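Student:
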């Protein structure tokens, strides 16, 4: 059931799905007016979802309230890094990172700066334990060895290895750390577009961590936004649509 729902969500969160549906409907309907409307809608969808400035604006509106510096001098007992940034490559016996690896890098940086005392890695593809054999299988020991090589002391790294999604990241981390997570200052570290939904999941458990966003929209000095249609921009939309739908589901469930 979990796999079926995940697969269905991947379709719903992909703008290409809506573009194809409009094209197919326009091809099937006989009414010329409806056909023209559907083609028009399809053109608008293509223009919007491939437009970089529009995409940037929408994303920034989604996370702008979380985009500010940390309180000066504040130290956190836990820096909680949410997963999704890596998988374990069993063929080559090494970790492979995704485009949101900034989550982990930011956590290590904040630890090195003394901002967080302990780094909590909430279940990620590289560390998840999967006794059932269904879904991704990580290598916690291998990932810990990698972190040691990166200069992270093992006694200051806590691996949460059971969660399969953001909501379970919260409940499993709470099970792992217990009341210490409620009483100690903690910092949530995750991608900018993921922060709103992640905080909602933590707050549903009565937890109110500070937050540090990564993977923000970077404006390169001397380089403006391109108004040309971009397949790269189109490929970035599923992440945001996933967050919108997930956040709505959380609210419906009272999270």
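Residue numbers (UniProt numbering): 1 to 255.
The beta carbon of each residue, even a glycine, is placed where N, CA and C say it ideally should be.
Keep in mind that this is a model prediction, so the values were computed, not measured.
#1: Who are residue 118's beta bridge partners in DSSP?
#2: Which full runs of the alpha helix (DSSP H) of 4+ residues lie inside the segment 129–189, going along the chain?
#3: Where does residue 29 fall in DSSP's three states?
#4: Given 8 Å as the limit, is there contact between the segment 172–188 and the segment 141–156, that is, 3 or more CB pairs closer than that?
#5: Helix, strand or coil: how does DSSP classify residue 85 here?
#6: Could you check whether the segment 193–207 touches the segment 232–252, counting it as contact only if at least three pairs of C-beta atoms, one from each stretch, sit closer than 8 Å?
#7: Could you name the residues that DSSP lists as bridge partners for residue 96?
#8: If you follow the beta strand (DSSP E) that residue 213 is part of, which residue opens it and which one closes it?
#9: Among 224, 27 and 49, whose alpha-carbon lies nearest the alpha-carbon of residue 239?
#10: By DSSP's criteria, residue 191 is part of a beta bridge. Which residues make up the other side?
#11: Throw me the rounded Cβ distance for the residue 213 and residue 124 pair, which I believe falls under 8 Å.
#12: What's the gap between the Cα of residue 34 and the Cα of residue 18?
#13: Is residue 52 closer than 8 Å to residue 225 when the C-beta atoms are compared?
#14: Where does the unbroken alpha helix (DSSP H) through residue 237 begin, and where does it stop?
#15: Look at the alpha carbon of residue 84 and the alpha carbon of residue 41, and state the distance between them as a whole number of angstroms.
#16: On the CB-based measure, 16 or more other CB atoms within 10 Å of its CB, does residue 248 come out buried or exposed?
#17: What whole-angstrom Cβ distance do residue 139 and residue 62 have, given they're in contact under 8 Å?
#18: How would you call residue 192, buried or exposed, if buried means at least 16 neighbouring beta carbons within 10 angstroms?
#19: Tell me which residue opens and which closes the alpha helix (DSSP H) that residue 112 is part of.
#20: By alpha-carbon positions, which one of 22, 28, 30 and 29 ends up nearest to residue 39?
Tutor: Taking the structure as given:
#1: 78
#2: 140–149, 166–177 and 179–183
#3: coil
#4: no
#5: coil
#6: yes
#7: 87
#8: 210–214
#9: 49
#10: 214
#11: With 8 Å as the limit, residue 213 and residue 124 do not qualify as a contact, their Cβ atoms being about 18 Å apart.
#12: 16 Å
#13: yes
#14: 231–252
#15: 33 Å
#16: exposed
#17: Actually they do not touch by this definition, with Cβ atoms about 33 Å apart.
#18: buried
#19: 102–112
#20: 22
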